[in-house]
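Reading through the structure tokens given below for one structure.
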Amino acid sequence: MRSFLLKLSIIFLTQSHNLSESATSECTLTGNSLENLTSILATCKEISIANLQVPAGETLALNAQNDSIIIFEGNITFGYKEMTSLLITIQGNNITVAGAPGHLLDGGGARWWDGLGGNGGKKKPNFIELRLENSLVKNLNVKNSPKHCFIIIDSENVILTDNICDNLDGDTQGGHNTDAFAAFNSKDITITNCVVFNQDDCFAIKSGSGYVFTNNFCHGGHGISVGSVGGRANNVVENVFIKNNTVVNSENGIRIKTNYNTTGIITNVTYEDITIENITDYGFLIRGDYLNSGPTGEPTPGFELSHLTFRNIRGTVQSGGTNVYVLLSNGVASNWIVENIKIVGGLKKDVQCLGIPSDCNLSCKDHNGGPSQYLSLSLLSTLIFLIVLR
């Protein structure tokens, strides 16, 4: 991983002199039509998407030449139409995608939001799908995604850094399933220094390997998740490193979830140095009975959850929540390392956890229902990030 990052940094440094230069008018897509997009992609490697109004029902499909630079400038908006496709797709090898100062990718999500997300109601598009290799995505300011903010699929060796997914308006206007980063069947993906306000997972790893998620801020939503895993063509998640993240005002802090009545493998995953504040439901959650419609209460035996490390997980849960909860079938879990879990505030007692490896230092009895030491820093944290965001 370190050698890849060094190599990728060198590649990006060779391109960096171009990032401050505006593309020529022949390589700029602007106005309210995608008519010139095909010719721009065919002839240009330095592309500007500037003050563009994408027509309703159309996708801004940026299938770029190798070694291209794509810069978003000004306001990028989208016409309204119910659809289950995408607002933007970006595809290519050795691509740099960046946002210029003052730009905004505005999905206008409130026009689709109805509190149901992908579970019914209006048909809603996801915002940005990435199918990239050896690429960098940085400084994007994404606001009000109708559904998922970033989908990373079939990608390899990609860094996403200093991006914002701001769906804060969805807290009061019916945003749902607004995952910030959802990753499928990808390898060696790094997400760092990003800010998220949303109503679903801050990061959700569905399948793949070599994910790094560090120094991110997550507000609202469902926490930092591995899963849900199971029921797809690829049901393996391995070699994941999640460190130095903050989760505030969310349903969950950290979570691993496997789909009910499916099979798969989750192995070599580390959660380390995670701060959670004002969590409503579960501070630390691992469950093997997940369904989108609601958990079944019956964990599935067809999974392997091995070589998991949880170190320095600390913070607060609301009094009606649960600090630590694990529900797995016997024999599913093995080789866990658990150190310095300090989650307080949840007052639920007699929480029964199942499937924890006998040789790891994790006890639901010890972590749940004790005296509340609840002292939230979430308001201060939220205000600081709102100031930065705005």
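What the sequence shown shows, in mature numbering (1 follows the signal peptide of the UniProt record, and there is no 0), is residues -16 to -1, 1 to 374, in sequence order. Don't be surprised by glycine CBs; every beta carbon is placed ideally from N, CA and C.
Short Cβ contact (9 Å threshold) for residue i with residue j
i: residue 376; j: Asn110; result: The structure shown does not extend to residue 376, since the chain is modelled only from -16 through 374, so no value can be given for it.
i: Ile240; j: Glu222; result: no
i: His132; j: Ala164; result: yes
i: Val179; j: Phe287; result: no
i: Phe181; j: His203; result: yes
i: Thr254; j: Phe201; result: no
i: Asn35; j: Gly58; result: yes
i: Val232; j: Glu261; result: yes
i: Tyr309; j: Cys337; result: yes
i: Ile54; j: Ala26; result: no
i: Cys28; j: Thr14; result: no
i: Ser318; j: Leu289; result: yes
i: Lys122; j: Leu144; result: yes
i: Asn228; j: Ile189; result: no
i: Thr230; j: Phe197; result: no
i: Asp138; j: Asn177; result: no
i: Ile148; j: Val142; result: no
i: Gly158; j: Asp98; result: yes
i: Asn307; j: Ile321; result: no
i: Thr73; j: Leu100; result: no
i: Pro285; j: Asn314; result: yes
i: Thr105; j: Pro130; result: It is Gly, not Thr, that sits at residue 105 in the sequence shown. No, the pair does not count as a contact, with Cβ atoms beyond the cut-off.
i: Asp265; j: Gly305; result: yes
i: Gly281; j: Leu312; result: no
7 Å CB neighbourhood of residue i in its chain, flanking five on each side removed
i: Lys107; result: Glu66, Met67 and Thr68
i: Val220; result: Ser191, Gly248 and Ile249
i: Gln(-2); result: Caution is warranted here: a pLDDT of 48 is assigned to Gln(-2), below 50, making its placement in the model unreliable, and the coordinate value is therefore given only provisionally. Here the set comprises Ile53 and Thr80.
i: Thr12; result: Ser32 and Ala34
Buried or exposed by the 16-neighbour rule on C-beta atoms within 10 Å, applied to residue i
i: Glu323; result: exposed
i: Tyr64; result: exposed
i: Pro283; result: buried
i: Gly278; result: exposed
i: Glu19; result: exposed
i: Thr80; result: buried
i: Glu113; result: buried
i: Pro85; result: exposed
i: Asp350; result: exposed
i: Glu10; result: exposed
i: Asp273; result: buried
i: Gly76; result: buried
Same chain only: Cβ atoms within 6 Å of residue i, ignoring 5 sequence neighbours per side
i: Phe38; result: The identity of residue 38 in the sequence shown is Val, whereas the question assumes Phe. So the qualifying residues of the chain are Leu44 and Phe62.
i: Asp184; result: Asn161, Thr162, Asp163, Gly205 and His206
i: Cys186; result: Ala164, Val180, Cys202, Gly205 and Ile208
i: Val224; result: Tyr195 and Val253
i: Ser193; result: Lys171, Glu222 and Asn223
i: Gly267; result: Gly237, Ile260, Val301, Asn307 and Ile327
i: Asn199; result: Thr176, Asn177 and Asn228
i: Asn245; result: Thr284
i: Ala40; result: Gly63, Tyr64 and Lys65
i: Leu124; result: Gly83 and Asn147
heavy atom of the ligand ADP below 8 Å from residue i C-beta
i: Val38; result: With respect to the ligand ADP, the structure shown offers nothing to examine, as it has no ligands at all.
Contacting residues, own chain, Cβ-Cβ under 8 Å from residue i (five flanking each side not counted)
i: Glu117; result: Gly76, Asn77, Asn78, Ser139, Glu140, Asn141 and Val142
i: Leu(-11); result: Summary for Leu(-11): the model assigns pLDDT 41, below 50, so the residue's position carries little reliability, and this model does not support an answer.
Report task. Tell me the start and end of each unbroken beta strand (DSSP E) in the stretch 289 to 349 that is at least 3 residues and wholly inside, in chain order. Result -> Counting only runs of 3 or more, we get 306 to 311 and 317 to 328.
Assess, as a yes-or-no matter, whether the stretch 287 to 302 is touched by the stretch 226 to 241 under the definition of 3 or more beta carbon pairs within less than 8 Å.
-> A contact is defined here as three or more CB-CB pairs under 8 Å, and the stretch 226 to 241 meets this definition with respect to the stretch 287 to 302.
Q | Inside the stretch 75 to 99 only - beta strand (DSSP E) runs reaching at least 3 residues | A | Listed in chain order, the beta strand (DSSP E) runs fully inside the stretch 75 to 99 are 80 to 83 and 88 to 90, counting runs of at least 3 residues.
Please give the ranges of any alpha helix (DSSP H) in the stretch 126 to 179, keeping only runs that are unbroken, at least 4 residues long and fully inside the region.
With a minimum length of 4 residues, the continuous alpha helix (DSSP H) runs that stay inside the stretch 126 to 179 are 154 to 157.
Next item on the list: Quick one: which unbroken beta strand (DSSP E) runs of 3-plus residues sit fully inside the stretch 182 to 240? Chain order, please.
Entry: Fully enclosed beta strand (DSSP E) runs of 3 or longer: 187 to 189, 192 to 198, 201 to 204, 208 to 213 and 220 to 232.
List in chain order: all unbroken beta strand (DSSP E) runs of 3+ residues lying wholly within the stretch 243 to 290. Counting only runs of 3 or more, we get 248 to 263 and 266 to 274.
Q) What are the start and end residues of each continuous alpha helix (DSSP H) run of 4 or more residues lying completely inside the stretch 18 to 60, in chain order? A) Segments of the alpha helix (DSSP H) lying fully in the stretch 18 to 60: 21 to 27.
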